[in-house]
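Participant:
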Amino acid sequence: MAKFSFIDLFSGIGGFRLGLQRNGGECIGFSEINKDAIDFYCENFGDDRSENLGNITKIENLPQHDLLTAGVPCQSWSIAGKNLGFEDDRGQLWNDTIYLLNKSRPKAFIFENVKGIQDPRNRDAFKYILNRIKEAGYFAKWFLINSHDYGLPQNRIRVYIIGFKDKRYLDSFKLPDKPLNGHKLFQHLEDLPKPQFKKKKINPTILFGKNVPFSRTKFQKKDELNDFFLFNDIRNGHSTIHSWDLKETTEREKEICYLLLTNRRKKKYGPFDGNPLSLEHFKEIDSSISKLEIDELCTKTIFKEVDYVYEINNIETNVFTGEEFLILEHSIGNRLHIKDLKNSPELKKNKIKFSRVLKKLIQKKCLSPIEIRYDFKNSKISSGIDGINRIYLPNSEVFSTLVASDTNDFIATENIFASDPEEFKSLFLNKIVKQKKFRKIKKTEALVIQGFDDEFNLPNERSRWMKLIGNSVSVPVIDYLAKSIVETGVFED
1215 MAKFSFIDLF SGIGGFRLGL QRNGGECIGF SEINKDAIDF YCENFGDDRS
1265 ENLGNITKIE NLPQHDLLTA GVPCQSWSIA GKNLGFEDDR GQLWNDTIYL
1315 LNKSRPKAFI FENVKGIQDP RNRDAFKYIL NRIKEAGYFA KWFLINSHDY
1365 GLPQNRIRVY IIGFKDKRYL DSFKLPDKPL NGHKLFQHLE DLPKPQFKKK
1415 KINPTILFGK NVPFSRTKFQ KKDELNDFFL FNDIRNGHST IHSWDLKETT
1465 EREKEICYLL LTNRRKKKYG PFDGNPLSLE HFKEIDSSIS KLEIDELCTK
1515 TIFKEVDYVY EINNIETNVF TGEEFLILEH SIGNRLHIKD LKNSPELKKN
1565 KIKFSRVLKK LIQKKCLSPI EIRYDFKNSK ISSGIDGINR IYLPNSEVFS
1615 TLVASDTNDF IATENIFASD PEEFKSLFLN KIVKQKKFRK IKKTEALVIQ
1665 GFDDEFNLPN ERSRWMKLIG NSVSVPVIDY LAKSIVETGV FED
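Quick note, the sequence shown lines up with residues 1215 to 1707 if you use the working numbering.
Below, the structure written as structure tokens:
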């Protein structure tokens, strides 16, 4: 096996390092600024803290090395973040990374980032990154890789950019073959029961009605019951749990909830993927709906009131902060529409939480709501209901993507078997939810899900270890990519 040296930028806890060392790599330097990451990187690898190259923005030169790695901070490009790209300081770290690539001239590199960096809305920024790499004299290809395809029970899709200084090595580079997987969560995680049944095939029309979807994820088959339940009021399906399934509601109230669910995405009610509806909108759909019924759903915290349009008053007699003035600049005449604030790139760029500023303007008697609409209280797809986003069954092939901010996803500690969607949902609510037969993943399990040894040392506090693991790369993916890079012969010259 060819030996090679590498430098580990944005090293985190060392996911890149573990994968590279398995393939003949020797780490000759790492760069990290997070104290926890530095402490546990050094503890697990036996490095001295003085070996840390420090803040990448202040590094002028790197030691000579064969391979450069970088998991550039991804919040700027993430769907879970603000999606600001180069408008955020963390997006600018790409420039620092490529500057050091150009200056140090290693034989090859591996860069990693979130899937969102290649989304259409980030197309220009991603092209800029690839062009900068080309201008630095490197030949590169990028790949979308799911950690599940390389042996992990995690649905984690990331962009990997592989590059070489010499084009012939890029030409001979091949993405590693995917190993046979077929593993289930109960085989990887602790104390989960092995299912005593085989999943039954079900006619897709029973699951979806006449409109069977064309595209399903690889983990959701159109002729099988799902291996997870989604807690969500703004989507629907045979394994979706709504707040009106969990709270005491009448059949009439359930009908009104479904009316909002099935109409809020229609463009006639607004420009967004989900729009609140006014009482008049509800009456257009069903003239018998009363305000009393809507108010009762608000009382049950299933619906919430949304101030949708404001009238502007008392402008001349008030003094405004910069944030308040920026909000008021979005008005048309003496009207301020919420949709215009949600669509504003300027507010996103300046990280202004307009709901907080609106409260201050209302207190100053500058704004008064003139159009009230109604939406689900749980109107964010990632927030779930009552702190639960998903519950996975032990038979699932995957767990959710581990993220630094932790996840509201859980593991069921019991199995259920059903032959139709209604029985499936009823069993889940009565046997799993009401009996509280579910839990969060443990630290050792999170390590396994990312491909680390379960004895890898990390802090005990959940928020700390989750941040470190969620920010890491999946070790087996780096292992397989490193093998393929070594096989090109790039380190034999």
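Ideal placement from N, C-alpha and C gives every residue a C-beta, glycine not left out.
#1: Could you tell me the boundaries of the alpha helix (DSSP H) in which His-1495 lies?
#2: Count the other CB atoms, across all protein chains shown, that sit within 10 Å of the CB of Val-1533; report buried if there are 16 or more and exposed otherwise.
#3: Assuming contact is defined by CB atoms lying nearer than 9 Å, are Pro-1277 and Ile-1242 in contact in what I supplied?
#4: Roughly how many angstroms lie between the CA atoms of Gly-1547 and Lys-1579, to the nearest whole one?
#5: Do Asp-1441 and Tyr-1606 come within 9 Å of each other at the CB atom, strictly closer than that value?
#6: Compare the Cα-Cα distances from Leu-1315 to each of Ser-1597, Lys-1329, Lys-1379 and Cys-1256 and report the closest residue.
#7: Name the DSSP bridge partner or partners of Val-1523?
#8: Which of helix, strand or coil does DSSP assign to Ile-1699?
#9: Pick helix, strand or coil for Glu-1675, following the three-state DSSP scheme.
#10: Does DSSP put Tyr-1342 in a helix, in a strand, or in coil?
#11: Just to confirm my understanding: we take Leu-1399, look at its own chain, exclude 5 residues before and 5 after, and list those with CB closer than 7 Å. What are they?
#12: Kindly indicate the opening and closing residues of the alpha helix (DSSP H) around Ile-1371.
#13: Taking buried to mean at least 16 other C-beta atoms within 10 Å of its own C-beta, is Pro-1690 buried or exposed?
#14: Taking the DSSP output, what are the residues bridged to Ser-1219?
#15: Where are the alpha helix (DSSP H) runs, 4 residues long or more, that stay fully inside the region 1410-1478, in chain order?
#16: Go to Asn-1258, then tell me how far its alpha helix (DSSP H) extends in each direction, as first and last residue.
#17: Under the three-state reduction of DSSP, which class applies to Gln-1577: helix, strand or coil?
#18: What would DSSP say about Gln-1235, mapped onto helix, strand or coil?
#19: When you compare only the Cα positions, how much space is there between Lys-1650 and Tyr-1342?
#20: So what does DSSP say about Ala-1660, is it helix, strand or coil?
#21: Please report how far the alpha carbon of Ile-1227 lies from the alpha carbon of Leu-1682, in whole angstroms.
#22: Would you kindly work out how many angstroms separate the C-alpha atoms of Asp-1338 and Pro-1559, rounded to a whole number?
#23: Residues in its own chain within less than 6 Å of Phe-1496 by CB, not counting five upstream and five downstream?
#24: Given Met-1680, which residues of its chain have a CB within under 6 Å of its CB, disregarding the five upstream and five downstream residues?
#25: Is Arg-1570 buried or exposed, if buried means 16 or more other CB atoms sit within 10 Å of its CB?
#26: Specify the secondary structure class of Tyr-1606 as computed by DSSP and reduced to three states.
#27: Count the other C-beta atoms from every protein chain shown that fall within 10 angstroms of the C-beta of Phe-1220, then say buried if there are 16 or more, exposed otherwise.
#28: Can you tell me the Cα-Cα spacing of Arg-1549 and Lys-1480, whole angstroms?
#29: Is the CB-CB distance between Ile-1448 and Glu-1507 below 9 Å?
#30: According to DSSP, is Val-1286 helix, strand or coil?
#31: Mind checking which residues open and close the beta strand (DSSP E) that includes Leu-1358?
#32: By DSSP, does Val-1687 sit in helix, in strand, or in coil?
#33: Skipping 5 residues on each side, what residues in its chain have a beta carbon closer than 8 Å to that of Ile-1599?
Facilitator: The relevant details are as follows:
#1: Counting from one through the sequence shown, the residue named residue 1495 turns up at place 281. Per DSSP, His-1495 belongs to the alpha helix (DSSP H) from 1493-1499.
#2: Here residue 1533 corresponds to residue number 319 of the sequence shown, with the count starting at 1. Label assigned to Val-1533: exposed.
#3: Reading the sequence shown from its first residue, position 63 is the one you call residue 1277. Reading the sequence shown from its first residue, position 28 is the one you call residue 1242. Closer than 9 Å, so yes.
#4: Position 333 of the sequence shown holds residue 1547. Position 365 of the sequence shown holds residue 1579. C-alpha separation (whole angstroms): 17 Å.
#5: As a working note, residue 1606 is residue 392 in the sequence shown. As a working note, residue 1441 is residue 227 in the sequence shown. Yes, Cβ-Cβ distance for Tyr-1606 and Asp-1441 is below 9 Å.
#6: Stepping through the sequence shown from its first residue, residue 1315 is reached at position 101. When each option's Cα is compared against that of Leu-1315, the closest is Lys-1379.
#7: The sequence position of residue 1523 within the sequence shown is 309, counting from 1. In DSSP, Val-1523 forms a bridge with His-1551 and Glu-1585.
#8: Mapped onto the sequence shown, residue 1699 falls at position 485. It is helical.
#9: Start at 1 with the first residue of the sequence shown, and residue 1675 comes out as number 461. Glu-1675 falls in the coil class under three-state DSSP.
#10: Within the sequence shown, numbered from 1, the residue matching residue 1342 stands at position 128. Note: Tyr-1342 maps to helix in three-state DSSP.
#11: Looking up residue 1399 in the sequence shown gives position 185. Correct list, in chain order: Pro-1367, Leu-1406, Tyr-1606, Pro-1608, Ser-1610, Phe-1613 and Ile-1625.
#12: Within the sequence shown, residue 1371 is the residue found at index 157, counting from 1. It is not in any alpha helix (DSSP H) - Ile-1371 instead sits in the beta strand (DSSP E) that spans 1371-1378.
#13: Within the sequence shown, residue 1690 is the residue found at index 476, counting from 1. Buried, because 16 or more other Cβ atoms sit within 10 Å of the Cβ of Pro-1690.
#14: Locating residue 1219 in the sequence shown gives position 5, where the first residue counts as 1. DSSP, once it has assigned bridges, lists Glu-1240 as partnering Ser-1219.
#15: 1418-1422, 1457-1460 and 1465-1477
#16: Locating residue 1258 in the sequence shown gives position 44, where the first residue counts as 1. 1249-1259 is the span of the alpha helix (DSSP H), which, as asked, contains Asn-1258.
#17: Translated into positions along the sequence shown, residue 1577 becomes position 363. Of the three classes helix, strand and coil, the one that applies to Gln-1577 here is helix, per DSSP.
#18: The residue given as residue 1235 occupies position 21 in the sequence shown. Looking at Gln-1235 - three-state DSSP - the assignment turns out to be helix.
#19: Taking the first residue of the sequence shown as 1, we reach residue 1650 at position 436. Taking the first residue of the sequence shown as 1, we reach residue 1342 at position 128. About 49 Å.
#20: Position 446 of the sequence shown holds residue 1660. Ala-1660: helix per DSSP, three-state reduction.
#21: Against the sequence shown, residue 1227 aligns to sequence position 13. Against the sequence shown, residue 1682 aligns to sequence position 468. Ile-1227 and Leu-1682 have their C-alpha atoms spaced approximately 7 Å apart.
#22: Along the sequence shown, one-based indexing puts residue 1338 at 124. Along the sequence shown, one-based indexing puts residue 1559 at 345. Going by the C-alpha atoms only, they are around 16 Å apart.
#23: Within the sequence shown, the letter at position 282 stands for residue 1496. Ile-1503, listed in sequence order.
#24: Stepping through the sequence shown from its first residue, residue 1680 is reached at position 466. Cβ neighbours of Met-1680 beyond the five flanking positions: Asp-1620.
#25: Within the sequence shown, the letter at position 356 stands for residue 1570. Exposure of Arg-1570 is indicated by the presence of fewer than 16 other C-beta atoms within 10 angstroms of its C-beta.
#26: Residue numbering aside, residue 1606 sits at position 392 when the sequence shown is read from its first letter. Three-state result, Tyr-1606: strand.
#27: Here residue 1220 refers to the residue found at position 6 when the sequence shown is read from its first residue. Classification of Phe-1220: buried, given that the 10 Å Cβ count is 16 or more.
#28: Reading the sequence shown from its first residue, position 335 is the one you call residue 1549. Reading the sequence shown from its first residue, position 266 is the one you call residue 1480. Roughly 23 Å between the two C-alpha positions.
#29: In the sequence shown, residue 1448 corresponds to position 234, counting from 1. In the sequence shown, residue 1507 corresponds to position 293, counting from 1. With respect to the 9 Å criterion, Ile-1448 and Glu-1507 are not classified as neighbours on the basis of their beta carbons.
#30: The sequence position of residue 1286 within the sequence shown is 72, counting from 1. DSSP places Val-1286 in coil when its eight states are reduced to three.
#31: Along the sequence shown, one-based indexing puts residue 1358 at 144. Start and end: 1353-1360.
#32: Position 473 of the sequence shown, counted from the start, is the residue given in the question as residue 1687. Here Val-1687 sits in coil by DSSP.
#33: Residue numbering aside, residue 1599 sits at position 385 when the sequence shown is read from its first letter. In its chain, beyond the 5 residues on either side, Phe-1445, Asn-1446, Asp-1447, Ile-1455, His-1456, Ser-1457, Leu-1460 and Asn-1592 have a beta carbon closer than 8 Å to the beta carbon of Ile-1599.
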